[in-house]
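2 protein chains.
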Amino acid sequence: MADHVDRVVQQWGAERPDLDVSPMEVIGRLKRLTRLVDAELKRTFAEHDLDAASFDVLATLRRSGPPYRLTPTGLLQSSMVTSGAISQRLDRLEARGLVTRTPSGSDGRSRDVALTPEGQALIDRALPDHLATEHRVLAGLDEPQTEALVEALRTLLVHLGDTSARGPAPE
Amino acid sequence: MADHVDRVVQQWGAERPDLDVSPMEVIGRLKRLTRLVDAELKRTFAEHDLDAASFDVLATLRRSGPPYRLTPTGLLQSSMVTSGAISQRLDRLEARGLVTRTPSGSDGRSRDVALTPEGQALIDRALPDHLATEHRVLAGLDEPQTEALVEALRTLLVHLGDTSARGPAPE
DNA sequence: CCAATGTATCTCAGTACTAAGACAACTGGG
DNA sequence: CCCAGTTGTCTTAGTACTGAGATACATTGG
Numbered sequence: 012m013a014d015h016v017d018r019v020v021q022q023w024g025a026e027r028p029d030l031d032v033s034p035m036e037v038i039g040r041l042k043r044l045t046r047l048v049d050a051e052l053k054r055t056f057a058e059h060d061l062d063a064a065s066f067d068v069l070a071t072l073r074r075s076g077p078p079y080r081l082t083p084t085g086l087l088q089s090s091m092v093t094s095g096a097i098s099q100r101l102d103r104l105e106a107r108g109l110v111t112r113t114p115s116g117s118d119g120r121s122r123d124v125a126l127t128p129e130g131q132a133l134i135d136r137a138l139p140d141h142l143a144t145e146h147r148v149l150a151g152l153d154e155p156q157t158e159a160l161v162e163a164l165r166t167l168l169v170h171l172g173d174t175s176a177r178g179p180a181p182e
Numbered sequence: 012m013a014d015h016v017d018r019v020v021q022q023w024g025a026e027r028p029d030l031d032v033s034p035m036e037v038i039g040r041l042k043r044l045t046r047l048v049d050a051e052l053k054r055t056f057a058e059h060d061l062d063a064a065s066f067d068v069l070a071t072l073r074r075s076g077p078p079y080r081l082t083p084t085g086l087l088q089s090s091m092v093t094s095g096a097i098s099q100r101l102d103r104l105e106a107r108g109l110v111t112r113t114p115s116g117s118d119g120r121s122r123d124v125a126l127t128p129e130g131q132a133l134i135d136r137a138l139p140d141h142l143a144t145e146h147r148v149l150a151g152l153d154e155p156q157t158e159a160l161v162e163a164l165r166t167l168l169v170h171l172g173d174t175s176a177r178g179p180a181p182e
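Chains as they are written, first to last, in this note's numbering: chain A, 12 to 182; chain B, 12 to 182.
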């Protein structure tokens, strides 16, 4: 079964047979798949009055464990956005009463961002639905294929330096 | 070698051992990898005074073959954005003299979008550099891994319906 | 102890997008 | 032939982001 990228590659083969467009087989598909998956996930988030950005912050706080508290820098390092984006995400979540921002005890520059009970309840409610959606999106893949996919993706990520906490862009 | 997603999955395992977070192994990596790859590609585009959106339009016209002409709907179907985004992309490219918009002969509602010689020269100049960057990003993968990756991605894309020309979101 | 440098957070202008809908031009069944 | 419904393109308001830089606090070497 051919997908969109197969047609793109075939078109390039006809127009620019001098070029090796094989990397598009991977990168073109990554781009399209991520976009389709994002659209799927978005619907589940919306059912819980969330979007991907808010879910990302709440989930990062939740999985950090009690007391569900991180600094903006901690959130920044898990995310792949700029510090400005984190500030704005926190503004929105704070306005909704899902997180609080308090001065950090030890470092006067920093703040502690913590899940409120409402924030924790929301993420705990949304998470199972989110995982069900993720499962459904991957249902077309069998176990060996999934494992091969995970290994290939991890290899590429490590190759690109995604091994420890880092900001939005590679240097 | 562990990547960022390995740590995320491990955290969830400690906090919510009741949930199966294994789909994150795939989807979390897709998201992060796409973002890292996009950042790499962006630098190459910038060297040619392009961004991903402009490159996408010019490349779609270029690979469609002579006379390098498509309607906005044709461009829309290859892209994964809304019609409003296509209009705006074309505004920018037209202002730079890289494409022209002329009334379509057969259908009074439509326009013909065509590459100018400058547009064609630009995409033909940028394309080899772009492919070199894509190659470099994938350099960590050997041949069998790449093939397994491509097969898994295509399976997922077909599963999500990415088989023919379509708009920005699945229904 | 202080000055220089580094770090944590936030602000703000600019950008490209989406969602919704306007509008004109097509199409097909009666 | 006509008109109801559809299609192709564009417009606009609103959104979340980036990039640049401001500010305040912390750290370090002399």
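By construction, the Cβ of each residue, glycine as well, lies at the ideal position given by its N, Cα and C atoms.
Contact of V68 (chain B) with chain A is not assigned, every C-beta pair being separated by 8 Å or more. Between the alpha carbons of E162 (chain B) and R100 (chain B) lies a distance of about 32 Å. The alpha-carbon of I134 (chain B) is positioned some 13 Å away from that of E26 (chain A). Secondary structure in the stretch 44-120 of chain B: the beta strand (DSSP E) runs of 3 residues or longer, each lying completely within the stretch, are 110-114 in chain order. In the structure shown, R165 (chain B) falls within a helical segment according to DSSP collapsed to helix, strand and coil.
Not one beta carbon of chain A lies nearer than 8 Å to the beta carbon of E154 (chain B). For R136 (chain B), the nearest beta carbon of chain A is not closer than 8 Å to its own beta carbon.
Annotation: I97 (chain B) has no Cβ neighbours in chain A at a cutoff of 7 Å; minimum Cβ distance is about 15 Å.
Along the stretch 124-150 of chain A, going in chain order, the ones with a CB nearer than 8 Å to a CB of chain B are L138, P139, L142, E145, H146, V148, L149, A150.
In chain order, A70, R73 place their CB closer than 8 Å to the CB of L138 (chain B), counting only its own chain and leaving out the 5 sequence neighbours on each side. Contact with chain B is found for T157 (chain A), since one of that chain's Cβ atoms lies less than 8 Å from the residue's Cβ.
A50 (chain A) and S115 (chain A) have their C-alpha atoms roughly 37 Å apart. Restricting attention to A:D31, A:L44, A:L126, A:S90, the CA atom closest to the CA of A63 (chain A) is found in A:S90. Interface annotation for the stretch 71-94 of chain B against chain A: R73, R74, S75, G76, S89, M91, criterion Cβ-Cβ distance under 8 Å.
What V110 (chain B) touches in chain A, judged by beta-carbon distance under 7 Å, is nothing: the nearest beta carbon there is about 17 Å away. Contact between R40 (chain A) and L168 (chain B) holds: their C-beta atoms lie close to 6 Å from each other, under 8 Å.
For V32 (chain B), the secondary structure class from DSSP, reduced to helix, strand or coil, is coil. The Cβ atoms of S65 (chain A) and L104 (chain A) sit closer than 8 Å to each other.
In the assembly as shown, H141 (chain B) is a buried residue. Its beta-carbon has 16 or more other beta-carbons within 10 Å.
A direct Cα-to-Cα measurement between T111 (chain B) and P78 (chain A) gives close to 58 Å.
The beta carbons of W23 (chain A) and V37 (chain A) sit about 14 Å from each other, so the pair does not count as a contact at 8 Å. Pairing L164 (chain A) with L152 (chain A) gives a Cβ-Cβ distance that is not under 8 Å. Across the structure, V20 (chain B) and V16 (chain A) are spaced so that their CA atoms are roughly 31 Å apart.
According to the DSSP secondary-structure assignment, V124 (chain A) is paired through a beta bridge with A:L81, A:R112.
The DSSP-derived three-state label of T157 (chain B) is helix. For the stretch 21-41 of chain B, the residues whose beta carbon sits under 8 Å from a beta carbon of chain A are, in order, Q22, W23, A25, E26, R27, L30, D31, V32, P34, M35, E36, V37, I38, R40, L41. Between E158 (chain A) and the set B:R80, B:P34, B:D29, B:G172, the nearest pair of CA atoms involves B:P34. Straight-line measurement puts the Cα of R18 (chain A) at about 14 Å from the Cα of G172 (chain B). Straight across, the Cα-Cα distance linking T93 (chain B) with P83 (chain B) is about 11 Å.
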